[in-house]
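So the structure is just underneath, and the comments pick up after that.
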Amino acid sequence: MRPGLHPRRLTELLVALFAMALALVAGAADRQLQIAPVKTPAAKERRVALVIGNSSYKASPLRNPVNDARAVAKALAATGFKVTVIEDATQTTMRRAIRAFGDDLGAGGVGLFYYAGHGIQLKGRNYLVPVNAEIDREGDVEDQAIDANLVLERMDEAHNTLNLVILDACRNNPFARSFRSASRGLAQMDAPSGTLIAFATAPGSVAADGDGKNGLYTQHLLANINRPGLPIEQLFKEVRIGVTRDTQDRQVPWESSSLKGNFFFVPGDASAASEAQRREIEKTIADRVAADRAEQQRQMEKTIQELLARQRAEFEEELKRRGQVAAAAALPPAPPPPAPVKTTEKPGPSAQQVAAVSPSLLGTGIDDSRLPRVGDLWEYAITDTISHQRRGARFEVTGVSKDGILETGGPTDTKPTTRAHAAGASLRYVGDILQLSPYLLDFGEIKDGQAWRSLVVENDRACQGASLSCRYDAKVVGHEKVAVPAGSFDAVKVVVDFNWSGPSQTAWRQFAYWYSPEAKRVVKASARTRAGMMPAALANDYDVELTAFTPGAERKRASSMQVAANAPTSLAGTGAFPKVGDSWEYSYVDLTTKLRKTTRIEVSNVGKDGIADSAAHDNDVRTYGPQPELVSNHLWLELSPYLLSFGTPKPGDTWHLQRTNVSLCRQQNANCRFDVKVVGQEKVATPAGTFDAWRIDVEWNGNLSGFGLNNTPTWRQIQYWYSDAAKRLVKTSVRTRAGTTTEPDYDVDLIGYKLN
33 MRPGLHPRRL
43 TELLVALFAM
53 ALALVAGAAD
63 RQLQIAPVKT
73 PAAKERRVAL
83 VIGNSSYKAS
93 PLRNPVNDAR
103 AVAKALAATG
113 FKVTVIEDAT
123 QTTMRRAIRA
133 FGDDLGAGGV
143 GLFYYAGHGI
153 QLKGRNYLVP
163 VNAEIDREGD
173 VEDQAIDANL
183 VLERMDEAHN
193 TLNLVILDAC
203 RNNPFARSFR
213 SASRGLAQMD
223 APSGTLIAFA
233 TAPGSVAADG
243 DGKNGLYTQH
253 LLANINRPGL
263 PIEQLFKEVR
273 IGVTRDTQDR
283 QVPWESSSLK
293 GNFFFVPGDA
303 SAASEAQRRE
313 IEKTIADRVA
323 ADRAEQQRQM
333 EKTIQELLAR
343 QRAEFEEELK
353 RRGQVAAAAA
363 LPPAPPPPAP
373 VKTTEKPGPS
383 AQQVAAVSPS
393 LLGTGIDDSR
403 LPRVGDLWEY
413 AITDTISHQR
423 RGARFEVTGV
433 SKDGILETGG
443 PTDTKPTTRA
453 HAAGASLRYV
463 GDILQLSPYL
473 LDFGEIKDGQ
483 AWRSLVVEND
493 RACQGASLSC
503 RYDAKVVGHE
513 KVAVPAGSFD
523 AVKVVVDFNW
533 SGPSQTAWRQ
543 FAYWYSPEAK
553 RVVKASARTR
563 AGMMPAALAN
573 DYDVELTAFT
583 PGAERKRASS
593 MQVAANAPTS
603 LAGTGAFPKV
613 GDSWEYSYVD
623 LTTKLRKTTR
633 IEVSNVGKDG
643 IADSAAHDND
653 VRTYGPQPEL
663 VSNHLWLELS
673 PYLLSFGTPK
683 PGDTWHLQRT
693 NVSLCRQQNA
703 NCRFDVKVVG
713 QEKVATPAGT
723 FDAWRIDVEW
733 NGNLSGFGLN
743 NTPTWRQIQY
753 WYSDAAKRLV
763 KTSVRTRAGT
773 TTEPDYDVDL
783 IGYKLN
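Residue numbering for the sequence shown follows the numbering used here, starting at 33 and increasing by one per position.
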C-alpha cells in the first residue's frame, strides 16, 4: 500500500471536517461580540447597551442593518457604554440576549437597546424579526418574531434610572402578501416612565434601507451621537431635521418620551453647544423654508394660470350668450408678460411676498420693483357726481406671479371676491363701475399715444340687446400730476371713449384712469357723459379716488409695533404664557395630494392683550388674544393657538365663533357657521413626543360660493389639541364630513419645539 492515511482515518477526518463546516454555517447566523467602554463617562454613570443588526434574511435581505449595528456599537463604546453587539441574530439568540441585557441593567445605570432590521406591526403590537423566522401567515408572527414590548418589560423590571430604545425597523413588511390585514411600518408605542423610544419614521410609515454604507436614519444618529453638550431629546430632533431634509419630508423620524431629566451621550460646554445647535437649526429651517417657498411659488403660478383660464372661459360663454360669437372666437390668448427687469425668487425667511388664496395655498411672489407685493392694500372712495352718495372699496394683493396678480376685494358694501389680473388692457364692469386693468402700468411701460381699439367688455351692462351698438376705444393720453385724498401722484392718464347707439338715442361717454408707478395701481378714475343721451341707469357719472395706500411690509411692521406697545414686562414669560423667542416646528400634510410642508413659528411679543408670533413661511405677524378666534396662517387654520395661556377650559364648554378670517367664508353670498366644543383631556402622539392635551372640536357648517361652489352646503370638522407643556397647539386635524369644498383635508403635527 502506498504511504498515506488509512481509509478509516480518512473517513473520520472527513466526518470531522463536515461537522466543523456545519458548525461554522450554523454560527454564521449568530455573530456576537462584547465591547468594553473605551472610556468612563464624564457623569460616572453605568452604561449598558444591547445592539442587534439583522441583514441576512432568506426571503428579503437588507443591505445596511449589520453595518449600522457595528457603527452604532463602536460609537456607544466611545461614549462609555458596555456594548453587546449581535449580527444576524436568530430568535433564540435574541431572547437570550434580551434576558441577559435586562439582568445586567438590574445593577443600575443607563440602558440602551438598538435594533436594525425587519419589523412588523400586528394588531397594534410591534415585532422584531430574527433572520431565521419562517412566517407564512399572521399566526406565525407571535411564535417566530420577538415582541418589542419584551424589551420594555425587561427594562422596567430592572428599575434602572433611564432607558433608551432605538428602532430602525420601519421597512416594508416582507410578509405582507400572506397577511389578511397588512399594515405599513410600526405601530405607535407609549414610552414607560423614564424611557425614550425613537423610531426611524412615524408610526404607520416606512423608512428606506438606504443606498450607502449605513441607513439614512442611523447615518444621522451617528453624526450627532458624539456632539458635546447635546441633550438626548434635542439629539433626536437634530436627527429628525436631517432625515426629513434629505428625504424631502417623505420620512419623518418620531419619538415617544417620558424622560424626567436630561441625558448627554457626551457632556460638554452647554452654552457653546447650544449656540452651534441654534445656528445649525436656523440654517436647516432656512434651507427647508426656501425649498418650500420655491414649491409654493410654483403652486401659486399654477393657481393664477388656472384662474385666468377660468375667467377667460367664463367670458367666452358670456359673449356667446350675448350673440357675440365672433368676438368670443377673436379673444386673444392670455398675453405673456413683458420680460421683467430682473426676476428672482426670494429664497430665505426674509422674503416679504407671500401670496395667499386659501389656508393651504401660498406663493412667495417675484422680486420686481414694478410689481405690487403681497399684502399691499388700497382703499378708495366712490362718489356719485349727481346724488353725491359716497361708498368705499378696498383691494388687497394676495398673490403675485409672472402671469398675473391675484387680489381680493371690492366695494365695502358687498362681500369681497377674488380675481386674477393679467398683463394687457381689459375692461369689465364691477357693479356700475367700469374697471380698466387696475395693474396696467405694473407689467411694463406704456407709451404716450398707445391705443387699444374695439375692446370687448366683460359683464357689459350697457350693451345687453341685439338692437344696441357699442364701441370702446382706449388710449394713453400722457403724464400728469393728480391729487387725491391719499396724496399727490405723478400718474399716467388713460382715456376710454365709449360710443353707444340705441334704437332712438346715441351717447358718448368718457372714462379716465390715472395710474401711479409709486402706488402701483390706479389712483383715480372718473366717468362722464360727454354728449347725447342713454338710459339713466346706464349713464351714472362718478369719481373713484384713492384714500389710502398701505404697503404690505408697513402693515406687518405696524402690527408688530402695536403688540410691542401693549407688552408689559411683568407678564412676559410668567405662568403658562410663552416667552419671546419660544419657537415651534410643524409639519403640514395635504391628505389628498400627500404634499408635505414644514414651517417654524416664533413668539415675537407677549402682552396683556395678546401673544404675537410670526411664521417662517410668510413672516406675517399675528396677534392672538383671550377671545377665541379662527385664523388662517396661510397654511392652515388655527383656533387661538395660545388658548391655554389665558385660562383652563372646562369639558363640555361650547360657543359660537364670531371672529374668523377664513377666506372661503369671505366670498360673496357665503354663509359660514362655526360651533366650538371643549371635548376634554386626552393623550396625543406627535413626532415631537406624546402630550397630555386638551382637545377642542370645531364644527364648520356653511353654504359656500366662489371658485365654482354655487351655494354648496358643506360640513367640515376641525380638531385641535393643546398642550400645557408645549404652551401651544401640538396637533390639528381637518376633515370634510359632507358636501363639497375647494379646501383639502389635512393634518398638522408638532415636530419640534424650543422653550426659553
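The beta carbon of each residue, even a glycine, is placed where N, CA and C say it ideally should be.
Asked, Found
"For the alpha helix (DSSP H) that contains E185, what are its first and last residues?", "N181 to A190"
"Could you check which residue in A452, Q176 and G721 has the C-alpha nearest to that of I264?", "G721"
"Once DSSP output is grouped into helix, strand and coil, what is the label at Y504?", "strand"
"Hey, how far is the Cα of L787 from the Cα of T193?", "25 Å"
"Run through DSSP, which three-state label would K106 get?", "helix"
"Determine, using beta-carbon pairs with one atom in the stretch 400-410 and one in the stretch 421-433, whether at least three such pairs fall under 8 Å.", "yes"
"Give me whichever residues DSSP pairs with E490 in a beta bridge.", "R460"
"In the DSSP output, which residue or residues are listed as bridge partners for E512?", "A523"
"So is G497 buried or exposed if we call it buried at 16+ other beta carbons inside 10 Å?", "exposed"
"Indicate whether the contact test is met: 3 or more Cβ pairs, each with one atom in the stretch 161-168 and one in the stretch 100-111, closer than 8 Å.", "no"
"Less than 6 Å between C-beta atoms, sequence neighbours within five positions excluded: which residues of the same chain meet that for M187?", "G143 and N195"
"Would D614 be called buried (16 or more neighbouring beta carbons within 10 Å of its own) or exposed?", "buried"
"Which residue's Cα is closest to the Cα of P660: H666, P583 and Y674?", "Y674"
"Out of L248, F296 and S289, which has the shortest C-alpha to C-alpha gap to D281?", "L248"
"Go to N256, then tell me how far its alpha helix (DSSP H) extends in each direction, as first and last residue.", "L248 to I257"
"Per DSSP, what kind of secondary structure is T680 in: helix, strand or coil?", "coil"
"Tell me which residues share the same chain as V564 and place their Cβ nearer than 7 Å to its Cβ, disregarding the 5 neighbours each side in the sequence.", "According to the sequence provided, residue 564 is Gly. The question's Val does not apply to it. Cβ neighbours of G564 beyond the five flanking positions: Q537, T538, A539 and W540."
"Short of 6 Å in beta carbon distance, which residues of its chain neighbour E670, apart from the five on each side in sequence? Order them along the chain.", "V663"
"How about R79 and I118: do their beta carbons lie closer than 8 Å?", "no"
"Out of R760, D756, Q751 and G684, point me to the one whose CA is closest to Y656's CA.", "R760"
"Give a yes or no on whether the C-beta atoms belonging to I783 and S619 are separated by under 8 Å.", "yes"
"What is the DSSP secondary structure of N158, counted as helix, strand or coil?", "strand"
"For E333, I'd like the list of residues in its chain whose CB is within less than 8 Å of its CB, leaving aside the five on either flank, ordered along the chain.", "G395, S433, K434 and D435"
"If we ignore side chains and look at the alpha-carbon of each, how far apart do I633 and V612 end up?", "11 Å"
"With a CB to CB cut of under 6 Å and the five nearest residues on each side skipped, what residues in its chain are close to W687?", "V708"
"Hey, could you find the ends of the alpha helix (DSSP H) I273 is sitting in?", "I264 to D278"
"Do G156 and L199 come within 8 Å of each other at the CB atom, strictly closer than that value?", "no"
"Could you tell me the distance, in whole angstroms, from the CA atom of F145 to the CA atom of P299?", "21 Å"
"Rounded to whole angstroms, what's the CA-CA distance from A48 to A223? Just pull it up for me.", "Interpretation of A48 is limited by its pLDDT of 47, a score under 50 that renders its predicted location unreliable; the figure taken from the coordinates is listed afterwards. Cα to Cα, the separation comes out at about 50 Å."
"Exposed or buried, L438, counting other C-beta atoms within 10 Å across all chains shown (16 or more means buried)?", "buried"
"Considering only residues of the same chain and omitting the five flanking positions on each side of N246, which have a CB-CB separation below 8 Å?", "N96, N99, D100, A103 and L254"
"Just to confirm, is the Cβ distance from S499 to P535 under 8 Å?", "yes"
"Decide if S469 is buried, meaning its Cβ has at least 16 other Cβ atoms within 10 Å, or exposed.", "buried"
"Alpha carbon to alpha carbon, what distance is there between T764 and D756?", "16 Å"
"Using the beta-carbon count (16 or more within 10 Å), is L473 buried or exposed?", "buried"
"Only counting the same chain, and skipping five residues up and downstream in sequence, which positions put a Cβ closer than 7 Å to that of E802?", "This structure gives no information on residue 802, because the portion of the chain shown stretches from 33 to 788."
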